[in-house]
Amino acid sequence: MKIISSKAHGILDYLTVIFLVAAPTLFKMEGTLCTFTYALAGIHLLLTVLTNFEPGIIKIIPFKIHGLIELIVAVVLIAVAFWFNSNGSELGFYFYLGLAIVILIVFILTDFKGTQTSAK
99 MKIISSKAHG ILDYLTVIFL VAAPTLFKME GTLCTFTYAL AGIHLLLTVL
149 TNFEPGIIKI IPFKIHGLIE LIVAVVLIAV AFWFNSNGSE LGFYFYLGLA
199 IVILIVFILT DFKGTQTSAK
């Protein structure tokens, strides 16, 4: 059952960006973990701003492509989690594994066939 609309998905995306920006401070991240988290926040913000859905601003990327990108990112984040684990960062492992799971759940529950806005 697809219970997340495109508008709700966009709101969740912006909240995710806020969470990613706050996470290094909240979880006392350092070094590569901190840098990677800030970079991911910037990339996710850019994707959201450029997506053709209600919360998007520039509306270039089709919402279905946005979803595909998020699915790929979730899979990559699982690999990133294991990379952090192999480099001795338990925090990085659990943070990115958890984030990947949340992104996958949102992907599964989002109606990517929902309304798209026309580019202005």
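Quick note, the sequence shown lines up with residues 99 to 218 if you use our numbering. A virtual CB, placed ideally from N, CA and C, is assigned to each residue, including glycine.
Leu148 beta carbon less than 8 Å from that of Ile156:
Yes; because the gap between Cβ atoms is below 8 Å, this pair is in contact.
Proximity below 8 Å, CB of Val115 to CB of Leu143:
Against a cut-off of 8 Å, the Cβ pair of Leu143 and Val115 comes out as a contact.
6 Å CB neighbourhood of Leu118 in its chain, flanking five on each side removed
Thr135, Leu138 and Ala139.
Cβ of Lys211 within 8 Å of Cβ of Pro153?
No, the pair does not count as a contact, with Cβ atoms beyond the cut-off.
To the nearest whole angstrom, what separates the beta carbons of Val171 and Leu110, a pair I think is in contact under 8 Å?
Contact flag wrong, Cβ pair sits at about 14 Å.
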